[in-house]
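Worksheet: the structure to be examined is printed underneath.
Chains as they are written, first to last, in the working numbering: chain A, 9 to 237; chain B, 9 to 237; chain C, 9 to 237; chain D, 9 to 237; chain E, 9 to 237; chain F, 9 to 237.
Now the structure itself:
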């Protein structure tokens, strides 16, 4: 048994069910995270390079070393249409691991987005290309190609555990990971959660208070809330 | 006398004079802050979720606990048209305390904006709705409803002291608080400050130097400035 | 010999060759930084106040003190068309050293941009004016005019050494400094670097892998990369 | 009415009752903060320059500007034995506003500590002198003496509202502010809180679980906690 | 299958082999991390509350919510002599989740340390008690007891994946996690790594250069290193 | 002319005059920084790994890449007794570039300290050895040996420009760089500055106010300071 997974590329991974991914793509990150029980979020420092993007796809993971993007070329070969690359780094580093050439390659392979716990560059060009990236930062700093990492091993990316094949959903609110085994269940729960949101929204828009709609007055009073003039 | 103001909702607050608020709404945050003597700013980490918003209104304050947005529903009931909710947290926390449903409710009550020293979510939707928020961050992380905070007590939000009824002005430069008692005075001072800005701008655009327009050459020389070739 | 360069304005500086600056303006920050051997970048916290700006010009430097923008008026007089102001601060400070009036003056003198390791304000107005600024942050906080700094001395700005007359290139990826003496060489190297990018991009878009295009399979195998199923 | 309190030194302030301060000095910051209902803490970035110090005293406040410590000399004159200087800054700044000479002066006036939302220097010397400082950071950067701030006005320091005369308690856990009007009440509450801590500690040390001592098993089960093997 | 592991306490976990833990306790965090192939480290923001502590033990994990330490009492019951509590939080939060009473309880159960991706308090007392904590920060801020988390589920703590029963080693350099399954292998590798360190140290102390001892001159020259005078 | 200085080791550098270094070693960082006109400081995030160290020496510089400490072995050979290694990194990175073995080598060569804009490890051992390090952080994360940097080229370290041979002075307040050419002048100025500090300290200790000793009352009144009761 190996003490680490470095220098390994796993070719055959089990991707989450396509129907579940498609269904999850209809919901926002906040909704899915709530539907799962408030778990699965990456840290909020992960921000999109342009606003308005909303994607869902299956995770292909890559583990990189600070200042070294060699494995980005290795991961490209493992991509299938509908995949999202999730890149973790073995230590904090904000160099620009990814730019327009790699994006061209990823897009050609059918990738939908990159999620990277580090920096990216060519963001003007990436925006024009419409290839969304959620990253820790933007930096023009170039990287080297000297050290082996791994592809399709479990990684921790921006505080979230990600296994190859998990569903990644990302929008302007951030990034959430849905384990492949519960993708359908999470999609159903998200749908259920949204089902009566329209009704709630209509009530609130009509001036009904959440205090009444959610029946909070009694528990608040019980907790000791006092109104004074 | 209570050692703290927790668990209290003050219903009747004295809001700053409407005319003063309206007048203040014509000026930018930087101008008002300067007109008041360079005071009243929140920390610069408070950023708008979309650019171009510029609001002024009267503060309705709420004190929340980390990860708990229960009082957001309580504060909704206290809102009047023209109010701005100012939300402080008892400790640093960037969870998403506010989203599109609460925004719907706040808008229905006539609120103009939310200023929150924490995170918000549904920012794509909030942008479409045109409900501006200045916050410490964006996060999809959900919150619970378990602990009492307070409404309309004095709070410290992003480093600024805010009393209920104070004027809040916010734009792309940040957020400034104008105490209700000096709102008219601040508005007048802001107006006076801007009065001759047009003239100054015209001169500078024509190539006149600030060195000459502000008569700085003599004090600079006196301070010891040396020109060398 | 002076122990410091405070209180000095150097009037005659040698600006980088105009043709080299023009040529450099055709390339992105990442490309130039790579072409120079991965040097010259400012820290990635330097961000543009609006996206899409891309400028190149000759550095006129200014050294400021925390909370004091007096020298901004002094530097204005030293500007020539095509210059970019590079402002360093003697200690970390994010106050708003620069706003629309100074921008009007800088534009009237022909300046192309401001690069400042501190805060700026009036960013809404600056965006409308089309005067780009790369800064550490945005803050409405006003500054005083009390202490001498210097103009056109060598400075360290956001981690980069900048000499007066050096070329500054900035875009959505950040800011790079090209020493005047190697400006032409860097421009040529950037051109060479981009020469075959189109071809590479076409190949990658057609599905060719970087693994093959860059002939990485052998060195990866030699390094010990293992493929598993 | 003034729009700000700049340029003012208030000489006569009402200090919290000495007996209450003395009693509060027997308790730690965490205990007092809990006893007050979990309020009054400064941000946790406020750290002591050496460990083991534990002080209580009456606040004499000073408002400073970034990079300017002029008012530190003004505040010295207002100090009485048992006071603690609480220094707020109008914007984020970590310069070294305070060193061994000022500490000598403060000690001669009977001050017990400095709490400053900025930097200090000469920390080696201050440690030898036994003059404790809680600060945002340590920096050798010198400051100027050019701009008026104020003494003994209400300030926001590290996120806490501080009025002149309030009680300041500080130890290795941080800094808490007790409003003068509730000082005795807070001291009594802290005493009550600690009264049965010895008994609790003995039980826990003997192996009794908090689950049983605090009778948490039922509420946990009610909340849905499941034990699995 | 559950979408999350919230509200669960796993009682029976497989702890790493005691002999392997004991052997690992002889080595520093840096050595073990290197021996494993440079993996397993927590983020470097995890710092000990006092210097000089060096512990190894088996992980008992707990997942907490921001501002809520209820599960700390639940985890106490699951502790066995030689365990180390590893506490993860569902979102960034630096409140003081742990103090001297809980430490008394943990010590009574035989716990060797706490590793927590949040804040602690009573650090003066904890230091006197000799109960080491590695944490993200120090804060007196109290927490509530309202929401269920979990005990002995896999968690991500400070960027590291931790499974119940894994080995935790911590010293002044930080914290490393050794999966239970490779504990013996890692201990052997650490031992092998240290075996010839004494010899190396003696050579270096005698003035032999790493350049020669590690035979780096040739690869450096090959890489293009140039010596100039 | 080269566009960068990468891959170069300069062997013969002109070190600052030994007598000047010795004299500077008698003064603290704050005093020297003031004596030079408030210039030369590194950023305050540079902290000693243990308190109480106070060193002065001549800078031998090294430029490293993120996650790569190869050049640390190259710089060791260039060290002479009395030198201080100043290590800059081409991008932000906090890995542990330096530990006890390298420290053994540096000490054997007569080096007095390491100043590094990155992380170090083995800090417990380094403390026992008495080899002081001022760094950006502490991290056990190991580095590789793959990319050429340079030795004895001008570098920017933690915001300060450092040329080989410059004087480095460091203590608990931070790190200051004195250019070799003004070392004697700075030492004399520091001496002059300290000359009458004893007298000042005695006066302040006797209760004389800085207001009177520095004759500040008149300028404060002129600036508009008002005393109220």
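For glycine and all other residues, C-beta sits at the position ideal for the given N, C-alpha and C.
Would you say residue i lies against chain E (beta-carbon separation less than 8 Å)?
i, result
"residue 192 of chain A", "no"
"residue 103 of chain B", "yes"
"residue 66 of chain B", "no"
Is there a C-beta anywhere in chain D that falls below 8 Å from the one on residue i?
i, result
"residue 73 of chain C", "yes"
"residue 179 of chain F", "yes"
"residue 91 of chain B", "no"
Kindly indicate which residue of the options has the alpha-carbon position closest to the one of residue i.
i, options, result
"residue 104 of chain D", "D:120, D:210, D:141 and D:173", "D:141"
"residue 72 of chain E", "E:102, E:119, E:136 and E:114", "E:102"
"residue 117 of chain E", "E:132, E:139 and E:124", "E:139"
"residue 128 of chain E", "E:156, E:86, E:236 and E:80", "E:80"
"residue 154 of chain E", "E:82, E:208 and E:171", "E:82"
"residue 49 of chain D", "D:205, D:131 and D:176", "D:176"
"residue 149 of chain B", "A:164, A:123 and A:183", "A:183"
"residue 214 of chain E", "F:109, F:207, F:188 and F:46", "F:109"
"residue 6 of chain D", "D:188, D:143, D:17 and D:38", "There is no way to answer for residue 6 of chain D, as the model of chain D reaches only from 9 to 237."
"residue 228 of chain B", "C:18, C:156, C:147 and C:41", "C:156"
Put residue i into one of helix, strand or coil per three-state DSSP.
i, result
"residue 66 of chain E", "strand"
"residue 57 of chain F", "coil"
"residue 40 of chain F", "helix"
"residue 14 of chain C", "coil"
"residue 25 of chain E", "coil"
Could you name the residues that DSSP lists as bridge partners for residue i?
i, result
"residue 101 of chain E", "B:101"
"residue 233 of chain F", "DSSP output for residue 233 of chain F lists no bridge partner at all."
"residue 49 of chain A", "A:184"
Quick one: list the residues of chain H neighbouring residue i, beta-carbon separation under 9 Å, in chain order.
i, result
"residue 20 of chain B", "Protein chains A, B, C, D, E and F are contained in the structure displayed, whereas chain H is not."
Taking 8 Å as the CB-CB cut-off, is residue i touching chain C?
i, result
"residue 119 of chain F", "no"
"residue 246 of chain A", "Outside the shown range of chain A (9 to 237) lies residue 246 of chain A, about which nothing can therefore be said."
"residue 149 of chain D", "yes"
"residue 112 of chain A", "yes"
"residue 44 of chain F", "yes"
Using 8 Å as the limit for Cβ to Cβ distance, is residue i near chain B?
i, result
"residue 130 of chain E", "no"
"residue 146 of chain E", "no"
"residue 232 of chain A", "yes"
Do we get a CB-CB distance below 8 Å when we pair residue i with the residues of chain A?
i, result
"residue 10 of chain B", "no"
"residue 125 of chain F", "no"
"residue 99 of chain F", "yes"
Closest Cβ-Cβ distance between residue i and chain F: below 8 Å?
i, result
"residue 224 of chain E", "yes"
"residue 206 of chain E", "no"
Secondary structure, beta strand (DSSP E): runs of 3+ residues fully inside the region 67-97 of chain A:
Runs found: 91-97.
Within the region 107-190 of chain C, ranges of the alpha helix (DSSP H) (whole runs, at least 4 residues):
Listed in chain order, they are 108-116 and 131-137.
For the region 202-228 of chain D, which segments carrying the alpha helix (DSSP H) assignment without a break, of at least 4 residues, lie completely within its bounds, in sequence order?
Entirely contained in the region 202-228 of chain D, the alpha helix (DSSP H) runs reaching 4 residues are, in chain order, 205-213 and 218-221.
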